Structures are given as structure tokens and as C-alpha cells.
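Sequential numbering from 60 applies to the sequence shown in our numbering. These notes are about the structure you will find just below.
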Amino acid sequence: MYGSDLDWGVSQLVAQATSFRFDGSDLMPGEVGAGSFWEQISSYVAGSIDLDTAMQEIDASWPQ
């Protein structure tokens, strides 16, 4: 049923967990949550862009 022992182990952790943690990017379309959001926020934290630029880039990448 599972492709590896690791997959099985993760499934056991999830099945027995009493809580889960999600953030806003989990609810975003993939190209934003795992793409532009991650890239732009990482650039902002690294100091290579300002917050307004990061937000504009994230907004522009949102699917129409």
C-alpha cells in the first residue's frame, strides 16, 4: 500500500496526530503557495526586495 517505509511512517504519524499545522500557503493555488509566495517572501526576508515589491509580485502571479 505504501511506496516505502518512510511513507508508511508518515502515514502513522498523521493518523495518530492530535493536531495539524497549516499556513495560508496551503490554501493558495500551487503556483502561488509553492511558487511566487515562497520565492518573494524568501527574497524579502533575505533583504533583496522590499515588502511592497514582494506583495505586488505575489498578487500579480495569482491565477485569473
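By construction, the Cβ of each residue, glycine as well, lies at the ideal position given by its N, Cα and C atoms. Computed from a predicted model, the values in this text were never measured in an experiment.
- Measuring C-alpha to C-alpha distances from serine 95 to each of Asp118, Gly62, Phe79 and Ser78 identifies Asp118 as the nearest.
- One Cα belongs to phenylalanine 81, the other to valine 73, and the distance between them is close to 13 Å.
- The straight-line gap separating the alpha-carbon atoms of tyrosine 103 and leucine 110 is approximately 6 Å.
- Within its own chain, the residues whose Cβ lies closer than 8 Å to the Cβ of tryptophan 97, once the five positions on either side in sequence are excluded, are Ser84, listed in chain order.
- In the displayed model, isoleucine 100 falls within a helix according to three-state DSSP.
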